[in-house]
Amino acid sequence: MSNERKDLWGIDLGGTKAEGVVLGPGGLKDILFRDRVPTGAENGYEHILGQINKLVGMMESRMGYRPAHLGIGTPGTLDPRLGTMKGCNSECMNGQPMKKDLERILKLE
1 MSNERKDLWG
11 IDLGGTKAEG
21 VVLGPGGLKD
31 ILFRDRVPTG
41 AENGYEHILG
51 QINKLVGMME
61 SRMGYRPAHL
71 GIGTPGTLDP
81 RLGTMKGCNS
91 ECMNGQPMKK
101 DLERILKLE
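Numbering (the working numbering), first residue to last: 1 to 109.
Below is the structure:
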């Protein structure tokens, strides 16, 4: 199901946890969902992707729909030329095409 609502979905990806939040029209005064999962970064890049997918599944289950878009803050930056991550404190993410991988796994933009 597509997000026809105007809720904002976001994930804060850190070195040890990924926290998901869905905000309603009232913004920070209207938190509809908030939860976190450990990244398990010591288990590698693919594990981190799996944990993000798990978190989005939790968000979808709670909200009853899947968003059309999802914002993600990362512990590094995306090199716009190469499309890969750099400067991440979770070193397994460096050099990885995280945006492309998440778009594929989550089927989102």
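Quick reminder that beta carbons are idealized off the backbone N, C-alpha and C, glycines included. Computed from a prediction, not measured in an experiment: that's the story for all the values here.
Throw me the rounded Cβ distance for the residue i and residue j pair, which I believe falls under 8 Å.
i: Thr-74; j: Thr-39; result: Going by Cβ atoms, the distance from Thr-74 to Thr-39 rounds to 11 Å, so no, they are not a contact pair.
i: Asp-12; j: Val-22; result: Asp-12 to Val-22, Cβ: 13 Å. No contact.
i: Ile-105; j: Leu-49; result: 6 Å
i: Gly-57; j: Cys-92; result: With 8 Å as the limit, Gly-57 and Cys-92 do not qualify as a contact, their Cβ atoms being about 22 Å apart.
i: Phe-33; j: Arg-62; result: 5 Å
i: Met-85; j: Gly-76; result: 5 Å
What did DSSP end up calling residue i once you bin it into helix, strand or coil?
i: Ala-18; result: strand
i: Gly-50; result: helix
i: Gly-71; result: strand
i: Asp-30; result: coil
i: Gly-87; result: coil
i: Met-1; result: Low confidence applies to Met-1: its pLDDT is 45, below 50, so where it sits in the model is not reliable, and the reading given next is rough at best. In the structure shown, Met-1 sits in coil (DSSP, three-state: anything other than H, G, I, E or B).
i: Gly-10; result: strand
i: Leu-82; result: coil
Drop a sphere of 10 angstroms on the beta-carbon of residue i, count the other beta-carbons inside from all chains shown, and report buried for 16 or more, exposed for fewer.
i: Ser-2; result: With a pLDDT of 49 at Ser-2, under the threshold of 50, the modelled position of this residue cannot be trusted; read the value that follows with caution. Answer is exposed; the Cβ neighbour count stays below 16.
i: Gly-20; result: buried
i: Ala-18; result: buried
i: Leu-102; result: buried
i: Ala-41; result: buried
i: Leu-55; result: buried
i: Ile-31; result: exposed
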